[in-house]
Amino acid sequence: MIIMPMRSECKNFESRSYPNGDTVRKCNLDLAPDAPWRCPDQCPRYERRLADVAWTHGSLVIPPTPPEPANLDDGSVAALLDAAEDVINAAGRSVRDEWAAEDAAAARPRWKRLFRRGD
25 MIIMPMRSEC KNFESRSYPN GDTVRKCNLD LAPDAPWRCP DQCPRYERRL ADVAWTHGSL
85 VIPPTPPEPA NLDDGSVAAL LDAAEDVINA AGRSVRDEWA AEDAAAARPR WKRLFRRGD
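In the working numbering, the protein residues as written are 25 to 143.
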């Protein structure tokens, strides 16, 4: 297996630094299951970034990528990230359903909301 580091020259790669010093490195298409350490060997959506239009690049140095965990190749990291994503997706569905119920209630005429019969 060829180990391909994150391709920072790919147009789908994003690196963002926060005021507390944390840095996020990710694939915007969510195609790098081992991010921030690796991209897929033959990524089907890799496109070299040609130009950064309307972006201002600062003079700060991007912090180095953290070292790879020892168990990256055994699939446990990917399994953990998949489980975390499932939790977030499940919570997202319930939040979306709550918002839909609130929107439906707000769309009813006011007099129907005032004189409802124990909904």
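For each residue, glycine too, the CB sits at the ideal point set by N, CA and C.
Backbone secondary structure at residue i - three-state DSSP
i: Ser39; result: strand
i: Arg117; result: helix
i: Arg134; result: helix
Straight-line Cα distance separating residue j from residue i
i: Arg134; j: Glu71; result: 53 angstroms
i: Pro68; j: Arg49; result: 19 angstroms
i: Asp98; j: Asp58; result: 11 angstroms
i: Ser41; j: Leu55; result: 21 angstroms
i: Pro60; j: Asn113; result: 21 angstroms
i: Asp46; j: Ala115; result: 25 angstroms
Beta-carbon proximity of residue i to residue j, cut-off 8 angstroms
i: Arg62; j: Met30; result: yes
Sequence-distant residues of its chain with Cβ nearer than 7 angstroms to residue i (five each side left out)
i: Asn52; result: Asn36 and Glu38
Counting beta carbon pairs with one atom in the region 86–102 and one in the region 114–134, are three or more of them shorter than 8 angstroms?
Short answer: they don't touch.
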